[in-house]
Amino acid sequence: HNFRNEFQCSRHLRETTKSVPTLEYWQTLRDVYNSEVDSSFVFDDLPPTQGYTLNENGAPPYYAKLSPGKGRSLFASRDIKEGELVDGIEGGTKSDMIFTTVEALQRYLLALPEPMACDVLEWSYTEKLVKGGPAV
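Add 597 to the 1-based position in the sequence shown for our numbering, that's all there is to it.
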């Protein structure tokens, strides 16, 4: 399956006036994940629009907003030290959606409105959750 072509994502991805996802948008993504992939998965309480504070005393390292002529962008919200981890932690977070089979990803994408599915495809990546394990 080539979902990027099937959903005509190239046009959607080039669009520079897409709004930054709202809390309702993120909740839809989470609800569909729970209904189509893993009904027992519990997401963390952090609103996905705020970014993570990976050091206990600091502000979130970045925020999202629309950049004129460029589209959705991330901006530093504070000074970031060289080498500081600002997104993700080893082993993932409780906001990561993990698809261990192609079929699970397909069910998820097909249950979303096409623009949302295109966003998911744009934001997706593979990684090994355990050293020497399979990429998911």
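C-beta atoms are modelled at their ideal positions from N, C-alpha and C, and glycine is treated no differently.
- Note that the C-beta distance between K662 and S674 is not below 8 angstroms.
- Going by DSSP, F604 is part of no beta strand (DSSP E) at all; its letter is neither H nor E.
- Unbroken alpha helix (DSSP H) stretches of 4 residues or longer found wholly inside the stretch 705-731: 711-720, given in chain order.
- Cβ-Cβ separation between Y659 and F672: approximately 6 angstroms, consistent with a contact (criterion under 8 angstroms).
- Counting along the chain, the unbroken alpha helix (DSSP H) around R627 starts and ends at L620 to E633.
- The three-state secondary structure of R669, taken from DSSP, is strand.
- In the DSSP assignment, K662 falls within the unbroken beta strand (DSSP E) covering Y659 to S664.
- Taken atom to atom, the span from the alpha-carbon of Y722 to that of T619 is near 22 angstroms.
- P710 is positioned such that its CB atom lies no closer than 8 angstroms to that of H609.
- CA-to-CA, the gap between N602 and V717 works out to about 14 angstroms.
- Taking 8 angstroms as the cut-off, the beta carbon of A714 is found no closer than this to the beta carbon of E633.
- L682 counts as exposed, since fewer than 16 other C-beta atoms from the protein chains shown sit within 10 angstroms of its C-beta.
- When DSSP states are grouped into helix, strand and coil, L682 belongs to the coil group.
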